[in-house]
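Enquirer:
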Amino acid sequence: MTTNKPTTLQEAALRYGTYMGLYWILKFTLIPLGFQVPFLHLLFIVCTLAVPFLGYTYVKQYRDRYCGGKLGFGRGFLFQWLMYIAAMMLTFLGHYLYFRYLDNGFLAGAYEAQLRLAQEVAQGEMLELIEQSVKVFEEVAAWSALQKTFWLAWQNVFYCTPIALLTAWLVRK
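For the sequence shown, the numbering used here begins at 38 and goes up steadily by one.
1) For the alpha helix (DSSP H) that F136 lies in, which residues bound it at each end?
2) Rounded to whole angstroms, what is the Cα-Cα separation between V83 and L108?
3) I need the DSSP call for T204, collapsed to helix, strand or coil.
4) Using only alpha-carbon positions, find the residue among Y95, T44 and F136 that is nearest to W118.
5) Tell me the DSSP secondary structure of R153 in three-state form.
6) Leaving aside the five residues before and after Q73 along the sequence, list all residues of the same chain whose C-beta is less than 6 Å from its C-beta, in chain order.
7) What is the C-beta distance between L166 and P69, in whole angstroms, given that I count them as a contact (C-beta under 8 Å)?
8) So what's M38 in DSSP terms, helix, strand or just coil?
9) Once DSSP output is grouped into helix, strand and coil, what is the label at A159?
10) Assuming A49 and F116 make a contact with CB atoms under 8 Å, what is their CB distance in whole Å?
11) Just curious, the alpha helix (DSSP H) that V74 is in, first and last residue?
12) Taking just the CA atoms, how far does G161 sit from V88?
13) Mind checking E149: buried by the 16 CB within 10 Å criterion, or exposed?
14) Quick one: residues in its chain with C-beta nearer than 7 Å to the C-beta of F81, no 5 flanking neighbours on either side, listed in chain order?
15) Quick one: is W206 buried, meaning 16 or more other Cβ sit within 10 Å of its Cβ, or exposed?
16) Sorry if obvious, but does the Cβ on G161 come closer than 6 Å to a heavy atom of the ligand ATP?
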């Protein structure tokens with residue numbers, strides 16, 4: 038008799054990582070759409086701030102459903118780290134497809150245009166900061182789709198590792 042419940046940590050992490058990856062892809066679509074409907078940029082920020090809470094919910098569900106309500110720090114961290122890696126791999130595909138076939142420099146150009154508008158009213162140190170940011174966006178615009186995708190994947194790993202450490206500590210029992 039087969040069961041729908043994952044039997045290993047890896048299976049559960051992949052399942053929840055798939056959910057998280059789909060969430061991240063949908064969340065990412067709010068960025069380019071936000072240049073047409075500014076409210077969507079705010080929604081993107083709210084959705085981004087919700088990621089740790091969603092991760093907390095997933096690891097808590099894993100603990101309660103598959104670990105009998107007991108989960109140590111190490112196992113909790115490993116589950117979340119694998120979940121975030123699985124999410125990042127799925128999101129990697131979505132980001133690559135977007136940058137390769139849809140973007141055509143839109144995001145970098147849109148952010149650069151926003152910075153140039155801010156540059157017109159900025160003064161002092163803020164003006165220097167904006168000028169540096171414009172240079173960064175000019176450089177990023179020259180990157181290939183694969184380079185942009187790897188950069189975003191690295192950011193996901195970089196930010197999700199401390200989130201996983203904190204959440205594993207909070208969920209342990």
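We put the CB at the ideal spot given by N, CA and C, even for glycine.
Expert: Let me spell this out:
1) Taken as a continuous stretch (DSSP letters only), F136 belongs to no alpha helix (DSSP H), as it is neither H nor E.
2) Near 29 Å, if we compare the C-alpha coordinates of L108 and V83.
3) Helix, per DSSP.
4) Distances from the alpha-carbon of W118 to those of Y95, T44 and F136 put Y95 closest.
5) In the structure shown, R153 sits in a helix (DSSP, three-state: H, G or I).
6) For Q73, where only same-chain residues beyond five positions count, there are no Cβ hits under 6 Å.
7) Not quite, the Cβ-Cβ distance comes to about 24 Å (not below 8 Å), so this is no contact.
8) Reliability of the predicted coordinates at M38 is poor, the pLDDT of 46 falling under 50, and no value is obtained from them.
9) The answer is coil: DSSP assigns A159 none of H, G, I, E or B.
10) A49 to F116, Cβ: 7 Å. Contact.
11) Membership of V74 in any alpha helix (DSSP H) is not indicated, and neither H nor E is assigned to it by DSSP.
12) Distance from the CA atom of V88 to the CA atom of G161, rounded to whole angstroms, is 36 Å.
13) Under this definition E149 is a buried residue.
14) Once the five neighbours on either side are set aside, the close Cβ partners of F81 are K64, L67, I68 and G71.
15) Classification for W206: exposed.
16) As presented, the structure is devoid of all ligands, the ligand ATP included, so that no description of it is given.
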